[in-house]
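First the structure, in the form of structure tokens, and then the observations on it.
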Amino acid sequence: MATERDRYRMVRLIRGFEELALELVRTGDIVGGTHPYIGQEAVAVGVCSALEAGDQLTSTHRGHGHVLAKGADPARLLAELTGRETGLNRGRGGSMHAADLSLGILGANGIVGAGAPIAVGAAWAARLAGQSRVVASFFGDGALNQGVVLEAFNLAAMWQVPVVFVCENNGYATTLPASVAVAGSALGRAEAFGIRAVAVDGMDTEAVREAALDAVAYARSGAGPVFLECTTYRFEGHHTMERRMRLGYRSEEEQENWRLRDPLHHAAALLGDTGEVDREVAELLAQAREFALSSPAPEVSGAADHLYASGLRPRAGALG
Numbered sequence: 401m402a403t404e405r406d407r408y409r410m411v412r413l414i415r416g417f418e419e420l421a422l423e424l425v426r427t428g429d430i431v432g433g434t435h436p437y438i439g440q441e442a443v444a445v446g447v448c449s450a451l452e453a454g455d456q457l458t459s460t461h462r463g464h465g466h467v468l469a470k471g472a473d474p475a476r477l478l479a480e481l482t483g484r485e486t487g488l489n490r491g492r493g494g495s496m497h498a499a500d501l502s503l504g505i506l507g508a509n510g511i512v513g514a515g516a517p518i519a520v521g522a523a524w525a526a527r528l529a530g531q532s533r534v535v536a537s538f539f540g541d542g543a544l545n546q547g548v549v550l551e552a553f554n555l556a557a558m559w560q561v562p563v564v565f566v567c568e569n570n571g572y573a574t575t576l577p578a579s580v581a582v583a584g585s586a587l588g589r590a591e592a593f594g595i596r597a598v599a600v601d602g603m604d605t606e607a608v609r610e611a612a613l614d615a616v617a618y619a620r621s622g623a624g625p626v627f628l629e630c631t632t633y634r635f636e637g638h639h640t641m642e643r644r645m646r647l648g649y650r651s652e653e654e655q656e657n658w659r660l661r662d663p664l665h666h667a668a669a670l671l672g673d674t675g676e677v678d679r680e681v682a683e684l685l686a687q688a689r690e691f692a693l694s695s696p697a698p699e700v701s702g703a704a705d706h707l708y709a710s711g712l713r714p715r716a717g718a719l720g
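Next up, the structure:
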């Protein structure tokens, strides 16, 4: 994603992928629904475009955008969502647990804030191994009240590990407004631990990228962790089930005002003519759909596979 064209293409891909996922939820090909990332694409694309190939990330229950932006094959990700053997994790992870270690994707996570300590551990391990790796950890504003996130802040600051904490503040933890849920401010939470904290417009891919480039360089230099608060908005509900529940916690006016700042339109305006890219993405998604729906489901006989770890080596001296 070195150019504006590349970044627009990725925003378009994520948007189209999520729209396709919504269609497959309606048809029943994706069981259990998804947490759509529509509206927040600028954050994933901006941050991941600032990472190097060897860098890693941890994601959230709303993680398709992060996984795609880090380079995952959309066909294999869609196969994962539809529970097929050809999925990133052989259909066993589904929407909320997609991972690809070969790309540095340490996994999406259904537990709010659970990726933050994993990111700190991964960054600490990389430093011990002498690797100049940065780990980005995505989470939402609701995770700011999770104790494990604050513990991760503390360890990251104490150990000065190369982590970029990315708070995707979309204003709501499910249906609870951040304004009545988060005491103080998101930046203040990080600053209390001595972590460098920066606010950025999370609807602007280029603004996020610039902030992320600076944050990644800072972390990689050994200066310690960085916290980015990306103010953004999800255009869909918290979960696809909201379409049936018809919850009224957001006004039409609020939603329309945010749609005027659509990151897809902003990225398109920078590029100008997007026709060729749009056609490329449409074809790629059509191929992904065909691949996923024509792939086999896992064999029932293998349902218990991978439930337990094997081949683990004990830490030196542990069996002393």
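Numbering (my numbering), first residue to last: 401 to 720. No residue lacks a Cβ here, since even glycine has one placed at the ideal position from N, Cα and C.
At a threshold of 7 Å, does residue i count as lining the ligand GTP (C-beta to nearest heavy atom)?
i	result
E480	Here there are no bound small molecules, and the ligand GTP is not part of this structure.
Secondary structure at residue i, three-state DSSP: helix, strand or coil?
i	result
P577	strand
G400	The first residue shown for the chain is 401 and the last is 720, placing residue 400 beyond what the model contains.
G540	strand
D662	coil
E676	helix
I511	coil
Y572	strand
D406	helix
D681	According to the sequence displayed, residue 681 carries Val and not Asp. Of the three classes helix, strand and coil, the one that applies to V681 here is helix, per DSSP.
V535	strand
Need the endpoints of the alpha helix (DSSP H) that residue i sits in, please.
i	result
A590	586-591
V608	605-620
V582	Looking at the DSSP string, V582 is not in any alpha helix (DSSP H), and its letter there is neither H nor E.
E642	642-645
Have a look at the options and flag the residue whose alpha-carbon is nearest the alpha-carbon of residue i.
i	options	result
R484	T574, A703, A716	A703
I430	G471, S459, L481	L481
W524	G624, H464, A450, A421	G624
T403	T575, S459, E610	E610
P436	T427, A450, T460	T460
F539	L550, L660, S532, Q531	L550
S356	R405, Y708, G454	With the chain covering 401 to 720 only, the question about residue 356 has no answer from this structure.
A581	A592, L544, A597	L544
R412	A597, E680, N554, G542	E680
D473	T458, N489, N569	N489
L420	S701, G510, E683, L647	E683
E423	A709, A514, L685, W559	L685
S695	P577, T486, N509	T486
Q531	P577, S495, A619, R589	A619
R533	G648, G504, E653	G504
V594	G622, V561, A557	According to the sequence as given, residue 594 is Gly; it is not Val. Measuring from the Cα of G594, the nearest candidate turns out to be A557.
I570	G584, Q560, P663, G542	A small correction: the amino acid at residue 570 is Asn; Ile does not occupy that position in the sequence shown. Here the closest residue by C-alpha is G542.
I511	G547, A526, R527, L671	G547
Q560	S621, H466, E568, R589	S621
Short of 7 Å in beta carbon distance, which residues of its chain neighbour residue i, apart from the five on each side in sequence? Order them along the chain.
i	result
A692	A475, L478, A479, T482, R484
V608	A442, V443, G446, V447, V600, G602, C630
A450	R609, A612, L613, V616
E591	A597
E418	P436, Y437, I438, H464
Can you list, in chain order, the residues of its chain whose CB lies under 8 Å from that of residue i, leaving out five sequence neighbours each side?
i	result
V425	G433, T434, T640
R407	M401, V445, G446, S449, T605, E606, R609, A667
H638	H435, Y572, T574, T575
E642	E636
A697	G483, R484, E485, G491
Could you spell out where the beta strand (DSSP E) holding residue i opens and where it closes?
i	result
E636	Element bounds for E636: n/a, residue is neither H nor E.
V566	563-569
R596	596-601
T631	626-631
Give me, in chain order, the residues of the same chain whose beta-carbon lies closer than 6 Å to that of residue i; leave out the 5 immediate sequence neighbours on both sides.
i	result
V535	Q456, A519, A522, A523, V563
G439	Y633, R634, F635
D500	A472, L488
F565	S537, F627
R492	none
T458	L506, G515, I518, A519, S537
A552	A516, P517, V520
Which full runs of the beta strand (DSSP E) of 3+ residues lie inside the segment 411-481, going along the chain? Whole beta strand (DSSP E) segments, 3+ residues: 456-458.
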